[in-house]
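Report on one structure; see the data block that follows.
Number of protein chains: 4
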Amino acid sequence: MTQRAGRHFLQIPGPSPVPDRVLRAISAQVIDHRGPDFAGVGRQALDGMKSVFKTRQDVIIYPASGTGAWEAALVNALSERDRVLMYETGHFAAMWKKMAEKLGLVPEFIAGDWRGGADPDAIEARLRADRDHEIKAVCVVHNETSTGSVSPVAEVRQAIDAAGHPALLMVDTISGLASIDFRFDDWGVDVAVSGSQKGLMLPPGISFNAVSDKAMAASETGGMRRSYWDWREMKASNATGYFPYTPATNLLFGLNEAIAMLHEEGLENVFARHQRHGAATRAAVRQWGLEVLCQRQGQESGVLTAVMMPEGHSADAFRATALKHYDISLGNGLSKVADKVFRIGHLGDINDLTLIGTLTGVELGLRKAGVPHRAGGVDAAMAVLDQTAAPGIAAE
Amino acid sequence: MTQRAGRHFLQIPGPSPVPDRVLRAISAQVIDHRGPDFAGVGRQALDGMKSVFKTRQDVIIYPASGTGAWEAALVNALSERDRVLMYETGHFAAMWKKMAEKLGLVPEFIAGDWRGGADPDAIEARLRADRDHEIKAVCVVHNETSTGSVSPVAEVRQAIDAAGHPALLMVDTISGLASIDFRFDDWGVDVAVSGSQKGLMLPPGISFNAVSDKAMAASETGGMRRSYWDWREMKASNATGYFPYTPATNLLFGLNEAIAMLHEEGLENVFARHQRHGAATRAAVRQWGLEVLCQRQGQESGVLTAVMMPEGHSADAFRATALKHYDISLGNGLSKVADKVFRIGHLGDINDLTLIGTLTGVELGLRKAGVPHRAGGVDAAMAVLDQTAAPGIAAE
Amino acid sequence: MTQRAGRHFLQIPGPSPVPDRVLRAISAQVIDHRGPDFAGVGRQALDGMKSVFKTRQDVIIYPASGTGAWEAALVNALSERDRVLMYETGHFAAMWKKMAEKLGLVPEFIAGDWRGGADPDAIEARLRADRDHEIKAVCVVHNETSTGSVSPVAEVRQAIDAAGHPALLMVDTISGLASIDFRFDDWGVDVAVSGSQKGLMLPPGISFNAVSDKAMAASETGGMRRSYWDWREMKASNATGYFPYTPATNLLFGLNEAIAMLHEEGLENVFARHQRHGAATRAAVRQWGLEVLCQRQGQESGVLTAVMMPEGHSADAFRATALKHYDISLGNGLSKVADKVFRIGHLGDINDLTLIGTLTGVELGLRKAGVPHRAGGVDAAMAVLDQTAAPGIAAE
Amino acid sequence: MTQRAGRHFLQIPGPSPVPDRVLRAISAQVIDHRGPDFAGVGRQALDGMKSVFKTRQDVIIYPASGTGAWEAALVNALSERDRVLMYETGHFAAMWKKMAEKLGLVPEFIAGDWRGGADPDAIEARLRADRDHEIKAVCVVHNETSTGSVSPVAEVRQAIDAAGHPALLMVDTISGLASIDFRFDDWGVDVAVSGSQKGLMLPPGISFNAVSDKAMAASETGGMRRSYWDWREMKASNATGYFPYTPATNLLFGLNEAIAMLHEEGLENVFARHQRHGAATRAAVRQWGLEVLCQRQGQESGVLTAVMMPEGHSADAFRATALKHYDISLGNGLSKVADKVFRIGHLGDINDLTLIGTLTGVELGLRKAGVPHRAGGVDAAMAVLDQTAAPGIAAE
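Chains as they are written, first to last, in the UniProt record's numbering: chain A, 1 to 396; chain B, 1 to 396; chain C, 1 to 396; chain D, 1 to 396.
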């Protein structure tokens with residue numbers, strides 16, 4: 001193979017490209033996680049994550065990938081054989097359900113078509129029917145990474161309240177946090193799950209729970225047998241900026257740098273940037289004559305866009321062609337939509353020109369792979385960028 | 001506070017100083033952990049760790065700290081209410097036992113005085129008495145990081161065999177691996193637990209299980225409810241160089257570099273270097289008139305040396321003085337020996353001159369803190385270094 | 001100002017974006033430039049640069065920017081009051097001439113219109129007229145960074161030979177080397193000048209002379225008063241891999257990495273990539289209805305494209321708009337063409353998608369700045385990329 | 001060869017070990033040195049260097065090593081055939097004189113024995129004798145890197161003034177600046193020369209002139225033919241934070257970080273630290289029974305200590321042994337004292353424990369190489385460190 005020149009376009013829906021500033025932060029010499037200098041690092045990370053989750057309640061940081069934080073949410077807040085209501089938004093919702101089963105919970109799955117977010121009405125209806133309050137938690141995926149659909153989390157909260165149901169609201173925002181709007185306290189979320197390698201622009205390796213006082217209380221008297229994931233010991237140690245066991249120190253260095261970058265740009269600007277890039281990407285897809293997997297208007301993700309392949313064409317063959325010829329990594333279709341969709345990541349540390357480079361990789365890749373499409377997608381995206389102000393740039 | 005000049009002496013028993021080569025490897029741009037380039041990274045890491053564990057059986061890599069790998073060992077190989085025989089070598093043995101209890105196992109603790117490794121005879125006697133083979137595993141700590149004592153793992157294996165007992169042998173070599181001799185296959189270990197931030201010279205954030213075929217078989221039919229830690233899914237994905245969930249990619253970059261460095265030096269040279277530095281350190285301690293915590297000859301660790309403070313003197317006050325005046329981090333005494341011992345780390349990426357700098361920090365720190373001691377410890381250590389060949393350097 | 005997200009597009013004609021591999025190489029700890037380990041570094045750099053210049057004769061490496069290597073060429077090979085024939089290809093040719101004057105040479109400038117490379121016929125005519133061989137050197141710029149025109153160096157050599165003239169051929173290939181074809185030995189160049197921050201993909205700070213045996217001989221008996229730039233001491237020290245005074249060690253680390261990358265890709269692939277990107281860029285410019293500054297067919301540069309602004313529009317105002325809105329740096333017009341042209345760098349570590357991102361920054365910037373142009377330039381460039389094979393990628 | 005573990009001890013008198021913070025700063029992506037963001041970088045570097053030189057007059061920064069800044073000082077401030085009075089403090093004074101000759105100056109050398117700094121009385125006497133003021137400059141080396149002696153620069157100024165002589169005072173403080181006290185304005189220096197790889201803790205590649213108004217005025221009407229080194233163009237461009245030709249951008253990033261570190265520690269603390277380490281080193285040398293090359297009390301350098309070998313023993317053989325066995329680089333003896341002295345660098349980013357590690361490398365190296373000496377040098381140095389307060393650390 002010939003060595004490729006230039007920077008690889010890593011346009012999968014996570015890991016997203018890590019900014020140089022964060023890579024440099026990560027490459028600092030490790031320090032004693034029990035020494036006096038560490039407390040500042042720990043506190044900065046914990047407080048910083050509260051600002052990102054928009055919560056005044058608790059945040060827990062694990063040396064683990066997002067899958068671990070999923071498990072942590074379940075084993076702390078719930079007990080074996082607890083019934084949980086989950087919503088099938090896509091592959092990751094299904095994986096979380098599978099994990100719940102492995103851990104001894106009794107998940108009930110509201111079927112979905114993978115083409116939109118969770119439906120608050122369906123949740124409300126089910127909760128109303130649960131007169132004995134057997135359901136202990138409602139679990140939804142905020143930004144379904146496999147489909148590019150966003151669930152209306154605030155409305156799910158309203159649905160639970162409307163049903164007068166005490167279930168906890170647990171939200172996977174692994175790929176939503178720090179890219180699209182998320183408000184832990186305002187939206188009344190009880191447990192949120194997130195990871196480092198998406199909107200937080202870090203390499204994978206640390207993950208997060210945000211925990212409401214209600215969920216924390218539930219964990220103090222209940223929860224499953226657990227040790228590594230135990231919120232209680234974490235919370236106790238975190239009070240002074242330390243951790244009960246060795247944290248992933250260098251990723252915390254990077255986390256603090258990434259959070260600083262997010263606040264320098266401004267979280268609202270970050271969200272607006274992602275929305276604008278999502279809109280530009282969908283304009284390109286429409287022009288190509290392809291279909292966006294998410295078909296519920298207003299629920300299309302600012303993080304990624306899943307695109308359906310024309311019948312009879314392999315998404316994976318197309319992705320391999322794009323990778324080979326244009327050095328771009330695109331996300332694959334997962335389980336039900338394997339080989340039928342490809343996913344364009346437009347999250348994290350990217351800008352307008354990188355987005356157009358990305359869409360060019362798709363358009364030229366489609367051409368090279370012989371996938372039927374209309375030209376002009378890149379043009380259509382450029383028009384969107386041209387007609388909408390980039391967030392945070394003052395008009396002249 | 002005044003900014004300190006020069007490089008901090010991070011001489012705790014882990015994290016050990018990360019070599020520049022490893023820091024640079026970690027700072028490479030993240031890649032798609034599902035893409036074609038990743039398989040080589042994954043396979044190199046898995047095969048490399050087998051070479052370090054000296055096993056042809058399985059190695060599992062977790063995005064987690066060592067505590068997670070402890071949990072993984074227990075939840076995969078054992079079932080709730082299983083009886084396990086553990087040996088109280090020190091704080092970490094006690095922590096592992098506490099974890100076993102939290103996870104629903106029934107640990108039985110052979111009491112120890114924290115001044116040596118596990119006693120094979122005591123283990124053999126207990127196993128002989130367990131005629132119904134209720135004990136499912138024997139758990140020992142290879143290198144007890146809290147005391148600086150090494151357990152004779154091979155002899156523990158012999159003890160189990162001599163007792164004709166089928167219990168699994170589970171070994172915590174979190175701080176032993178890649179610093180002192182460890183031979184997973186030769187010694188008949190069933191599950192080994194290790195971490196990245198000790199002899200492997202990485203920042204914390206990934207950890208390891210080595211798993212014998214016998215333990216793997218046990219996990220396939222038994223084990224506790226588990227998901228994140230499940231060996232079965234790991235093993236299945238690892239076969240092609242991938243992982244069932246997102247790995248800590250950048251730490252794997254660093255791991256591959258660190259393993260390369262270990263083999264460039266030669267594992268046997270690495271072990272000899274650590275032994276020599278342990279001997280030099282103990283010579284200094286003896287000259288100071290202080291006592292080494294480990295009092296079983298031949299079980300003193302090449303990784304760290306725990307030193308007992310003279311009666312009436314605070315180890316933590318001394319450590320704070322050494323840190324303030326000589327910019328050196330030393331390890332603290334844990335639980336039973338809190339404030340009574342301090343620990344000198346001499347593991348990982350250090351050489352003769354760094355060791356002497358370290359011992360100087362201790363000796364001058366003792367002086368500055370007013371701790372009674374005899375001068376000349378550094379001299380005594382220099383004499384040991386002078387009289388013993390540095391491993392891997394040909395005589396002239 | 002709002003912090004900008006994503007990677008800046010540094011699309012000036014040098015410095016070009018430095019690859020991560022090179023940045024990491026540069027960040028290694030410095031070593032003793034008189035110690036035994038240095039010789040390998042020095043030799044690798046010197047031999048590597050010979051392979052890049054395509055010469056078996058001498059290469060000299062200075063801790064200096066390209067301007068220093070210009071001076072070195074003049075002061076070593078020529079003597080005060082020597083007459084030199086220079087060709088006005090653009091700003092940098094004019095700067096080199098100005099330097100020659102400052103150093104006491106007597107440059108004679110063949111006027112050019114800044115819209116093409118040096119004209120071999122004009123050179124030949126002038127040399128034929130110089131019957132007394134008062135002209136000691138012919139100086140041409142290989143790739144004129146201010147205009148994007150390439151001089152036909154081999155034909156200049158033929159012109160000198162056809163005139164039967166003994167003048168040295170001195171070539172500035174500061175921005176040409178390692179981006180477009182250059183062959184020191186084959187083309188009969190006597191002194192070549194280059195720098196690190198263009199095709200060599202390094203930060204600025206080191207620069208180069210390639211020196212023919214004939215030029216070296218001239219310098220041994222002649223040349224001006226000189227010390228820092230003296231080839232003789234350099235050559236003597238270089239023989240063993242060392243330098244007569246302290247070299248820029250860390251940039252040499254980076255140089256060795258960059259040369260390795262060039263050879264991994266293959267120099268011919270590197271050249272073809274630059275040609276293809278130049279062609280795509282010119283297609284965009286034509287579609288925009290703008291004029292490429294270089295108007296001699298076959299002399300358009302693969303390194304950069306200088307674009308003329310429509311009458312009455314400020315190139316600098318446009319560049320400021322593009323920078324503000326699209327975070328892209330474009331090159332400015334210099335001296336005679338200040339504010340009248342802008343320059344698009346397409347050199348060094350870039351790939352197809354980065355190029356399209358770049359051209360998008362130009363097209364959207366033109367729109368935002370209200371510069372009259374036809375849309376579709378990006379499309380036109382995409383068509384060129386689509387219709388031409390990327391070098392080094394096997395057809396399927 | 002076996003791979004060496006641990007960090008190399010780079011204890012030559014420059015390059016000194018580069019702090020991680022500086023290496024990370026250097027590894028940032030290059031920026032457009034003509035773009036709007038650069039001005040801040042340039043101004044910070046220029047102003048920062050003024051604070052380090054302690055001057056309100058001009059500072060010039062070259063992309064060149066210190067040798068280049070030597071040349072710059074001479075060609076700007078002096079004219080061909082000018083007579084300059086130089087003082088033979090050691091090898092570097094002799095090299096500067098040799099350069100002056102190559103450049104067409106007429107240096108007059110006051111002979112020295114290489115065992116102390118420049119003698120103000122001798123300078124005064126010579127200047128008094130120069131009634132016609134033929135001498136245009138007095139050149140002294142502040143910290144003679146080859147001998148470890150410091151010239152009393154302020155007294156040289158007084159000597160010039162006492163003689164009523166108009167000569168410029170030119171000072172090489174390549175290895176003195178930012179390690180030992182230097183005050184450009186207070187001491188009435190006219191031109192100072194420095195480099196990056198000593199007290200400034202950078203890799204080599206940039207160098208400096210500080211220029212008094214008097215010297216600048218001299219250069220405006222005089223000076224030799226010059227271009228690269230021309231102060232006038234530098235000064236004009238620098239006014240806005242830019243440079244007349246491409247600067248070594250990434251080294252400027254590092255310079256700004258290094259200057260920040262120096263001010264965080266406090267320049268006076270930096271100087272006190274170097275003095276203390278020099279004193280500790282000399283105590284070790286005396287205990288070994290060896291002789292310090294500098295024999296003028298009060299002129300011993302805080303930067304390095306040159307040590308004389310016992311008769312009949314090769315300094316270079318000893319250095320090779322120390323390097324092989326203890327992975328420490330020591331400086332060699334130069335020209336007149338080649339193989340007769342070795343030099344211990346104790347400059348830049350080092351602390352007490354690194355110093356003791358260094359002296360241990362010397363002491364054990366002497367032993368290993370069979371060089372006669374008294375043991376206990378390390379002890380003697382420890383005693384000095386113990387008895388003197390580390391600068392900047394408050395007493396308890």
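We put the beta carbon where it would ideally sit given N, CA and C, even for glycine.
**Prompt:** At a cut of 8 Å, does the segment 63-77 of chain B reach the segment 221-237 of chain A through at least three beta carbon pairs?
**Reply:** By the criterion of at least three beta-carbon pairs nearer than 8 Å, the segment 63-77 of chain B is in contact with the segment 221-237 of chain A.
**Prompt:** Who are the Cβ neighbours of R21/C in its own chain at under 7 Å, not counting the five residues just before and after it?
**Reply:** On the third sequence, residue 21/C is found 21 positions in, with the first residue counted as 1. E257, M261, listed in sequence order.
**Asked** Using a Cβ-Cβ distance under 8 Å, would F243/C count as near chain A?
**Response** Counting from one through the third sequence, the residue named residue 243/C turns up at place 243. Contact of F243/C with chain A is not assigned, every C-beta pair being separated by 8 Å or more.
**Asked** Closer than 8 Å, CB to CB, is A248/D near chain C or not?
**Response** Within the fourth sequence, numbered from 1, the residue matching residue 248/D stands at position 248. Yes, contact with chain C.
**Asked** Using a beta-carbon distance cut-off of less than 9 Å, what residues from the segment 316-345 of chain D approach chain B?
**Response** If the cut-off is 9 Å between Cβ atoms, the segment 316-345 of chain D has T321, K324, H325, Y326, D327, I328 near chain B.
**Message:** Please identify, using Cβ separations under 7 Å, the residues of the segment 371-391 of chain B that lie next to chain D, in order along the chain.
**Reply:** Listed by position along the chain: V378, D379, M382, L385, D386, A390.
**Item:** Residues that DSSP places opposite L168/A in a beta bridge
**Value:** The residue given as residue 168/A occupies position 168 in the first sequence. The bridge partners DSSP lists for L168/A are A137/A.
**Request:** Count the other CB atoms, across all protein chains shown, that sit within 10 Å of the CB of H8/A; report buried if there are 16 or more and exposed otherwise.
**Result:** Position 8 of the first sequence holds residue 8/A. Here H8/A is buried. Its C-beta has 16 or more other C-beta atoms within 10 Å.
**chain C contact for I61/A (CB, 8 Å cutoff)** = Reading the first sequence from its first residue, position 61 is the one you call residue 61/A. Closer than 8 Å: no.
**Request:** Name the residue from I110/C, Q44/C, K324/C whose alpha carbon lies nearest to the alpha carbon of D37/D.
**Result:** Numbered from its first residue, the fourth sequence carries residue 37/D at position 37. Distances from the CA of D37/D to each of I110/C, Q44/C, K324/C were compared; the closest alpha carbon is that of K324/C.
**Prompt:** Is any beta-carbon of chain A found at less than 8 Å from that of Q29/D?
**Reply:** What you label residue 29/D is simply residue 29 of the fourth sequence in a count that begins at 1. By the rule that beta-carbons nearer than 8 Å mark a contact, Q29/D touches chain A.
**Message:** With a threshold of 8 Å between beta-carbons, can D32/D be considered close to chain A, or not?
**Reply:** Along the fourth sequence, read from residue 1 onward, the residue named residue 32/D stands at position 32. The beta carbon of D32/D sits no closer than 8 Å to any beta carbon of chain A.
**Prompt:** When the Cα atoms are used, what is the spatial distance from A100/A to G205/A?
**Reply:** Mapped onto the first sequence, residue 100/A falls at position 100. Mapped onto the first sequence, residue 205/A falls at position 205. So the two alpha carbons sit approximately 22 Å from each other.
**Sequence-distant residues of the same chain with beta carbon closer than 6 Å to L10/A, five excluded per side** = For the purposes of this step, residue 10/A is identified with residue 10 of the first sequence, where counting begins at 1. Cβ neighbours of L10/A beyond the five flanking positions: P17, S329.
**Request:** Quick one: residues in its chain with C-beta nearer than 7 Å to the C-beta of L359/A, no 5 flanking neighbours on either side, listed in chain order?
**Result:** Start at 1 with the first residue of the first sequence, and residue 359/A comes out as number 359. Only T281, A284, G377, V378, A381 meet the Cβ criterion.
**Message:** Do D82/A and V52/A have their beta-carbon atoms positioned less than 8 Å apart in this structure?
**Reply:** Here residue 52/A refers to the residue found at position 52 when the first sequence is read from its first residue. Here residue 82/A refers to the residue found at position 82 when the first sequence is read from its first residue. Contact: no.
**Prompt:** Would DSSP call M1/D helix, strand or coil?
**Reply:** As a working mapping, residue 1/D is identified with position 1 in the fourth sequence. With a pLDDT of 42 at M1/D, under the threshold of 50, the predicted position of this residue should be treated as unreliable, and no value is reported.
**Touching by the beta-carbon criterion (3+ pairs, under 8 Å), the segment 264-277 of chain C and the segment 382-392 of chain C** = A contact exists between the segment 264-277 of chain C and the segment 382-392 of chain C.
**Message:** With H, G and I counted as helix, E and B as strand and the rest as coil, what does DSSP make of E101/C?
**Reply:** The residue given as residue 101/C occupies position 101 in the third sequence. In the structure shown, E101/C sits in a helix (DSSP, three-state: H, G or I).
**Message:** Excluding the 5 residues flanking residue 423/C on each side, which residues of the same chain have their C-beta closer than 7 Å to its C-beta?
**Reply:** This structure leaves residue 423/C out entirely; chain C is present only between 1 and 396.
**Asked** In terms of residue numbering, what span does the alpha helix (DSSP H) encompassing D161/D cover?
**Response** Taking the fourth sequence and counting its residues from 1, the one referred to as residue 161/D is at position 161. In the DSSP assignment, D161/D falls within the unbroken alpha helix (DSSP H) covering 153-162.
**Message:** Let's see if you can read the secondary structure: which residues bound the alpha helix (DSSP H) around G365/D?
**Reply:** In the fourth sequence, counting from the first residue as 1, residue 365/D sits at position 365. For G365/D, the enclosing alpha helix (DSSP H) has its first and last residue at 352-368.
**Request:** Kindly give me the distance between the Cβ atoms of G241/A and R43/A, rounded to whole angstroms, as I take these residues to be in contact under 8 Å.
**Result:** Translated into positions along the first sequence, residue 241/A becomes position 241. Translated into positions along the first sequence, residue 43/A becomes position 43. Going by Cβ atoms, the distance from G241/A to R43/A rounds to 4 Å, so yes, they are a contact pair.
**Prompt:** Is there contact between the segment 161-180 of chain A and the segment 194-205 of chain A, where contact requires at least three CB pairs shorter than 8 Å?
**Reply:** Between the segment 161-180 of chain A and the segment 194-205 of chain A, the count of Cβ pairs shorter than 8 Å is three or higher; the stretches touch.
**Buried versus exposed, by CB contacts within 10 Å (16 or more), K97/A** = The count along the first sequence starts at 1 and reaches residue 97/A at position 97. Label assigned to K97/A: buried.
**Prompt:** Just reading off the beta strand (DSSP E) that M216/A is part of, what are its end residues?
**Reply:** Looking up residue 216/A in the first sequence gives position 216. Note, M216/A: premise wrong, no beta strand (DSSP E); alpha helix (DSSP H) at 213-221.
**chain C within 8 Å of G357/A, Cβ atoms only** = As a first step, residue 357/A is located in the first sequence; it is residue number 357 there, counting from the start. By this cut-off, G357/A is an interface position.
**Asked** Ordered along the chain, which non-local residues of its own chain (more than five positions away) have a Cβ less than 6 Å from that of W288/C?
**Response** Numbered from its first residue, the third sequence carries residue 288/C at position 288. These residues qualify, in order along the chain: H373, R374, G377.
**Message:** Can you check which of these residues, A118/C, T147/C, A39/C, V171/C, is closest to K340/C by C-alpha distance?
**Reply:** Residue mapping note: residue 340/C aligns to position 340 of the third sequence, counting from 1. The option with the nearest alpha carbon to K340/C is T147/C.
**Item:** Cβ separation of V138/B and L85/B, assumed to be a contact under 8 Å, to the nearest whole Å
**Value:** As a first step, residue 138/B is located in the second sequence; it is residue number 138 there, counting from the start. As a first step, residue 85/B is located in the second sequence; it is residue number 85 there, counting from the start. Contact holds; Cβ gap of about 5 Å.
**Item:** Start-to-end residues for the alpha helix (DSSP H) that takes in S237/C
**Value:** Indexing the third sequence from 1 puts residue 237/C at position 237. DSSP places S237/C in the uninterrupted alpha helix (DSSP H) bounded by 231-238.
**Asked** In whole angstroms, what is the alpha-carbon distance linking G298/C and G6/B?
**Response** For the purposes of this step, residue 298/C is taken as residue 298 along the third sequence, with counting starting at 1. For the purposes of this step, residue 6/B is taken as residue 6 along the second sequence, with counting starting at 1. Answer to the nearest angstrom: the Cα atoms are 57 Å apart.
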